[in-house]
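A.B. asks: Under UniProt numbering, think of the first position of the sequence shown as 9, with each following residue one higher.
Yeah, the Cβ is synthetic: ideal placement off N, Cα and C, and Gly gets one too.
Computed from a predicted model, the values in this text were never measured in an experiment.
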Amino acid sequence: DTAKPSNFLRHVIENDLEQGTYSGRQWGGDPGDAAHHAQGMQDPAKVRMRFPPEPNGYLHIGHAKSIWLNFELAKEYGGVCHLRFDDTNPEKEEQEYVDAIRDAVQWMGYEPVMADDPAHPGARNDHVYFASNYFDFMYRAAEYLITAGHAYVDEQSAEEIRANRGDFNTPGTDSPFRARTPDENLARFREMRDGKLADGAAVLRAKIDMASPNINMRDPALYRIRRATHHNTGDKWCIYPMYTFAHPIEDALEQITHSICTLEFEDQRPFYDWLLDRLAEGGLIASPHPRQYEFARLNVTHVITSKRKLRQLVEDGHVDGWDDPRMPTLAGLRRRGYTPEALKLFCERSGVTKSGGWIDYASLEAALRDTLDPIAPRAMVVLDPVKLVITNWGELMGGDDVLDECTAPVHPHHAEMGRRSFKLGREVWIERTDYEDVQPKGFFRLFPGNKVRLKYGHVIECTGATRDADGQLVEVQARLVPDTKSGTPGADAIKVKGNITWVAVADALPAEVRLYERLFAAAQPGTGELIDELNRDSLVVTQGYAEPSLATAVQGAPYQFERHGYFVLDSHVGANGQRVFNRAAGMRDSWGK
Ligand code: ATP
Ligand code: MG
Ligand code: MG
9 DTAKPSNFLR
19 HVIENDLEQG
29 TYSGRQWGGD
39 PGDAAHHAQG
49 MQDPAKVRMR
59 FPPEPNGYLH
69 IGHAKSIWLN
79 FELAKEYGGV
89 CHLRFDDTNP
99 EKEEQEYVDA
109 IRDAVQWMGY
119 EPVMADDPAH
129 PGARNDHVYF
139 ASNYFDFMYR
149 AAEYLITAGH
159 AYVDEQSAEE
169 IRANRGDFNT
179 PGTDSPFRAR
189 TPDENLARFR
199 EMRDGKLADG
209 AAVLRAKIDM
219 ASPNINMRDP
229 ALYRIRRATH
239 HNTGDKWCIY
249 PMYTFAHPIE
259 DALEQITHSI
269 CTLEFEDQRP
279 FYDWLLDRLA
289 EGGLIASPHP
299 RQYEFARLNV
309 THVITSKRKL
319 RQLVEDGHVD
329 GWDDPRMPTL
339 AGLRRRGYTP
349 EALKLFCERS
359 GVTKSGGWID
369 YASLEAALRD
379 TLDPIAPRAM
389 VVLDPVKLVI
399 TNWGELMGGD
409 DVLDECTAPV
419 HPHHAEMGRR
429 SFKLGREVWI
439 ERTDYEDVQP
449 KGFFRLFPGN
459 KVRLKYGHVI
469 ECTGATRDAD
479 GQLVEVQARL
489 VPDTKSGTPG
499 ADAIKVKGNI
509 TWVAVADALP
519 AEVRLYERLF
529 AAAQPGTGEL
539 IDELNRDSLV
549 VTQGYAEPSL
559 ATAVQGAPYQ
569 FERHGYFVLD
579 SHVGANGQRV
589 FNRAAGMRDS
599 WGK
């Protein structure tokens, strides 16, 4: 395991461990909450991280970075990492997304289980949590803030609240409702909860400082009224906590030590601390409370990392679902042929820093090649087939139907992976692009008079080709050069510059091959209309032929198709019931070349 994040966060964690920052953590008040929420948290001194996705879509490559960072840091320091569904927004969240997120995290190699699942008695300490299970607690925390004079019910309209917030140059203006007494506020808040007020008629706000230079501290909203059915709590609530209020509480209840998020949340940190300081004063949460740390989000060129925009691609039919192999979702990357090892290597190489930037898409493919090259079995597949006829085959081999057995290593550097075998006969499929009537400069493959080796087979000499009325190539002819079979004595006596891949017509497996390119032509998509930024040629489907060893290809297990790149058997069959292979990446970066 080489995935060791080396970064500023490790220094923070190491310092906290050295100082024993969390070893003396104490609950201030109600032991009931502590007992309930601290389930499975016997050791408060442990490093405790969390990955907190909102179940409003499928996870993408940016989330992979966050998953990798949190789970690996926890592992490295002997701690735990929670998978927490940040499900406080009833309108956009669905069970389908909860399931897909659990799948993706597990596929990445991390296996959080339900905290109270008796089937996993502490097998791993990485647990699954739902923020919506804390709604009761969050409600009580809100009542506490009201009672202590730290929150008030504001009945200004949304427009008034916005206008009175001020801006970067102008301080905000106090709401006329700001001076209400705690008793008035409490009564009004309970009416909000009890459904006495219409959606949008009031919000609960923190009472902090309308003149703060940090606009997030100008009395941020804590609760809103919204009559919507929640995927977990159903219709129990008609008020829901705001993300900025809910998130620090979730961290505190789960006794998170280091709460890592992306840089956009830097301006929220003062409120995070303000809120948890108030709740600790009131004895509602343990002290010291968790701390937030920000790192630069992952941006990859030619890729969109926003669930909302990815959903738009799915809904508008530009891709074939969330797991379309062109999608930068973990489900799509997986179908495309990416492995967790490749993604982890990519995350590691992309670094963890405080300043953002764009990582080149090419480095994602490079991580895939670097992880697959040493392990992927090899196979020959012809993507754009044209027939080659060896005209003297019958004469030399004792009959036109005679087949000759050839073998090749499964992997050139791993003899222990064994050998694969396939037939050579009078007719073979070769790549259309391996033949030219007249030799172009630097071209050493098939043209009349030239000799090439059928890789792992014999040397042949091209004698000509047949074209149809439209000039389309229909057949290439060649003669076999005797005594040149690979692996036999004297096979190399004739030197050739070209070595071409092929599959015998006699044992070829028909296969659909899907060649994917970047989904977005724009290097930094997301600034204009998504439609205009799409790469129109992101998918080319070919009907090819594969060598017989691929008959036993297992879904998701990567192969290197010699000369063509890295491919994987798709989870779906093609339109005519054929096996489908997806290209994960070519042999080298050829974008724009
Ligand atoms: P999106 O806008 O795609 O919905 P999000 O940040 O709102 O992204 P969440 O479900 O809240 O999505 O994300 C869960 C975690 O993943 C958060 O901690 C967030 O910081 C992190 N994350 C999301 N996108 C990236 C990214 N591009 N790079 C690094 N971390 C990310
Ligand atoms: Mg979010
Ligand atoms: Mg979002």
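Report back the beta-carbon spacing between residue 398 and residue 334 to the nearest angstrom; my notes put them in contact at under 8 angstroms.
C.D. replies: Contact flag wrong, Cβ pair sits at about 39 angstroms.
A.B. asks: Specify, as a first and last residue, the run of the beta strand (DSSP E) that residue 161 falls within.
C.D. replies: 159-162
A.B. asks: Relative to the C-alpha of residue 444, which candidate in 363, 456, 387, 435 has its C-alpha closest?
C.D. replies: 456
A.B. asks: Taking only three categories from DSSP, how would you classify residue 459?
C.D. replies: Note: residue 459 maps to strand in three-state DSSP.
A.B. asks: DSSP beta-bridge partners for residue 366?
C.D. replies: 307
A.B. asks: Under 8 angstroms, with one C-beta from each stretch per pair, do the region 327-344 and the region 103-117 reach the 3-pair mark?
C.D. replies: yes
A.B. asks: Could you check whether the region 75-91 touches the region 318-333, counting it as contact only if at least three pairs of C-beta atoms, one from each stretch, sit closer than 8 angstroms?
C.D. replies: no
A.B. asks: Pop quiz: residue 72 and residue 351 are said to be a contact at Cβ under 8 angstroms. What is the actual Cβ separation, rounded to whole angstroms?
C.D. replies: 5 angstroms
A.B. asks: Taking its Cβ as the centre, do 16 or more other Cβ atoms sit within 10 Å of residue 299, making it buried, or is it exposed?
C.D. replies: So residue 299 counts as buried.
A.B. asks: Please name the residue, chosen from 305, 222, 458, 101, that lies closest to residue 278 on a Cα-to-Cα basis.
C.D. replies: 222
A.B. asks: Nearest to residue 409 by alpha carbon, out of 423, 591, 434, 391?
C.D. replies: The shortest Cα separation from residue 409 among 423, 591, 434, 391 belongs to 434.
A.B. asks: Does the distance from the C-beta atom of residue 401 to that of residue 511 stay below 8 angstroms?
C.D. replies: Contact flag unset, no.
A.B. asks: Which residues does DSSP list as the beta-bridge partners of residue 57?
C.D. replies: 89
A.B. asks: How big is the Cα-Cα spacing for residue 442 and residue 504?
C.D. replies: So the two alpha carbons sit approximately 14 angstroms from each other.
A.B. asks: Is the beta carbon of residue 303 less than 8 angstroms from the beta carbon of residue 361?
C.D. replies: yes
A.B. asks: Give me every residue whose Cβ sits closer than 5 angstroms to any heavy atom of ligand 1, in chain order.
C.D. replies: Those residues that bring their Cβ nearer than 5 angstroms to a heavy atom of ligand 1 are 61, 62, 70, 71, 73, 74, 269, 270, 305, 306, 313, 314, 315.
A.B. asks: Please list the segments of the alpha helix (DSSP H) lying wholly inside the region 165-203, counting only runs of 4 or more residues, in order along the chain.
C.D. replies: 166-172, 190-201
A.B. asks: Let me confirm a value: residue 539 is counted as buried when at least 16 other C-beta atoms fall within 10 Å, else exposed. Which label applies?
C.D. replies: exposed
A.B. asks: Please report the straight-line C-alpha distance between residue 286 and residue 211, rounded to a whole angstrom.
C.D. replies: 20 angstroms
A.B. asks: Please report how far the alpha carbon of residue 87 lies from the alpha carbon of residue 535, in whole angstroms.
C.D. replies: 40 angstroms
A.B. asks: Quickly, what does DSSP pair residue 147 with across the bridge? List them, please.
C.D. replies: Residue pairing of residue 147 in beta bridges, as defined by DSSP: absent, with no partner found.
A.B. asks: Could you tell me whether the region 263-273 touches the region 187-199, where touching means 3 or more Cβ pairs closer than 8 angstroms?
C.D. replies: With fewer than three CB-CB distances shorter than 8 angstroms, the region 263-273 does not count as touching the region 187-199.
A.B. asks: With a Cβ-Cβ cutoff of 8 angstroms, do residue 164 and residue 143 count as a contact?
C.D. replies: no
A.B. asks: Shortest alpha-carbon distance to residue 343 belongs to which of 19, 598, 566?
C.D. replies: 566
A.B. asks: For a quick check, are the C-beta atoms of residue 552 and residue 576 less than 8 angstroms apart?
C.D. replies: no
A.B. asks: Quick one: residues in its chain with C-beta nearer than 8 angstroms to the C-beta of residue 37, no 5 flanking neighbours on either side, listed in chain order?
C.D. replies: Any answer about residue 37 is weak, because its pLDDT of 48 lies below 50 and its placement is not dependable; what the coordinates show is given next. Cβ neighbours of residue 37 beyond the five flanking positions: 290, 291, 292.
A.B. asks: Specify the secondary structure class of residue 552 as computed by DSSP and reduced to three states.
C.D. replies: strand
A.B. asks: With burial defined as no fewer than 16 other Cβ atoms inside 10 Å of the residue's Cβ, what is the status of residue 70: buried or exposed?
C.D. replies: By the neighbour-count rule (16 or more Cβ atoms within 10 Å), residue 70 is buried.
A.B. asks: Between the region 490-500 and the region 459-474, do at least 3 Cβ pairs fall closer than 8 angstroms?
C.D. replies: Taking 8 angstroms as the limit for Cβ pairs, the verdict is that the region 459-474 does touch the region 490-500.
A.B. asks: May I ask which residues mark the beginning and end of the alpha helix (DSSP H) holding residue 110?
C.D. replies: In the DSSP assignment, residue 110 falls within the unbroken alpha helix (DSSP H) covering 103-115.
A.B. asks: Do you know how far the Cα of residue 527 is from the Cα of residue 307?
C.D. replies: 15 angstroms
A.B. asks: Are the region 20-32 and the region 232-245 touching, with three or more C-beta to C-beta distances below 8 angstroms?
C.D. replies: No: the two stretches stay apart, fewer than three of their Cβ pairs being nearer than 8 angstroms.
A.B. asks: Considering Cα atoms alone, identify which of 201, 391, 506, 549 is closest to residue 524.
C.D. replies: Residue 524 has its Cα closest to that of 549, out of 201, 391, 506, 549.
A.B. asks: Just the C-alpha distance for residue 542 and residue 314, rounded to the nearest angstrom, thanks.
C.D. replies: 15 angstroms
A.B. asks: Could you pull out every residue in the same chain whose Cβ sits closer than 6 angstroms to the Cβ of residue 161, ignoring the five residues on either side in sequence?
C.D. replies: 193, 196, 197, 210, 212
A.B. asks: Can you list, in chain order, the residues of its chain with a C-beta nearer than 8 angstroms to that of residue 476? Leave out the 5 residues immediately preceding and following it.
C.D. replies: The residues are 482.
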